[in-house]
Amino acid sequence: MRWSALCLAAILGLAGIVPGAGAEDRQDYGILIISRERLEVASSCEIGIYLQGQLIGRLFQEQSASFNLPPGKSSIRLSYLPGQAPGCSPGMQEPADTEVTLRAGDIQKYRIAVSTAGLYLKPAPVTY
20 MRWSALCLAA
30 ILGLAGIVPG
40 AGAEDRQDYG
50 ILIISRERLE
60 VASSCEIGIY
70 LQGQLIGRLF
80 QEQSASFNLP
90 PGKSSIRLSY
100 LPGQAPGCSP
110 GMQEPADTEV
120 TLRAGDIQKY
130 RIAVSTAGLY
140 LKPAPVTY
């Protein structure tokens, strides 16, 4: 009996299940999906995605990226990255940040769009 109880505890421990662990002990994430549609941003320049000021992704036309982020507020910034094509420099003006709030289990989808003020995130419908 004692041996089977020890085996059960070892198996639960390997599986990451800890008896008595509540929901507050688990690390849950939200998913942020950012896509770049050809019609929204017609430039052939690569676009950088920054989270809290750190480059976390690069997108060309017709590409998308998804990120598992912890719940809470995240600051996202978009900027043209210098590259091979002429005119692909971020420019003098610092792009504005977009604040995204995720809850555990959320899936939020955005498309990159451009206006006279620069690049920005436009909410997009999530399809399952």
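Take any residue in the sequence shown, count from 1 to its spot, add 19: that is its number in the numbering used here. Cβ coordinates follow ideal geometry from the N, Cα and C atoms, glycine included. It should be emphasised that the depicted structure is a prediction, and the values quoted were computed from it without experimental measurement.
Practice task
With distances taken Cα to Cα, identify the nearest neighbour of E118 among F79, L58, V60 and K141.
Solution key: K141
Handout entry: Nearest to I66 (by Cα), restricted to the options A132, L58 and L97
Key = L97
Practice task
Confirm, please, whether the CB-CB distance from R55 to Q80 is below 8 Å.
Solution key: yes
Handout entry: Residue span of the beta strand (DSSP E) that contains L97, given as start and end
Key = G91 to Y99
Handout entry: Closest residue to V133 among G49, I50, D47 and E59 (Cα-Cα distance)
Key = E59
Problem - The beta strand (DSSP E) enclosing L58, as first and last residue numbers - result: Note, L58: premise wrong, no beta strand (DSSP E); not H, not E.
Practice task
Quick one: give me the first and last residue of the beta strand (DSSP E) that S134 is part of.
Solution key: I126 to S134
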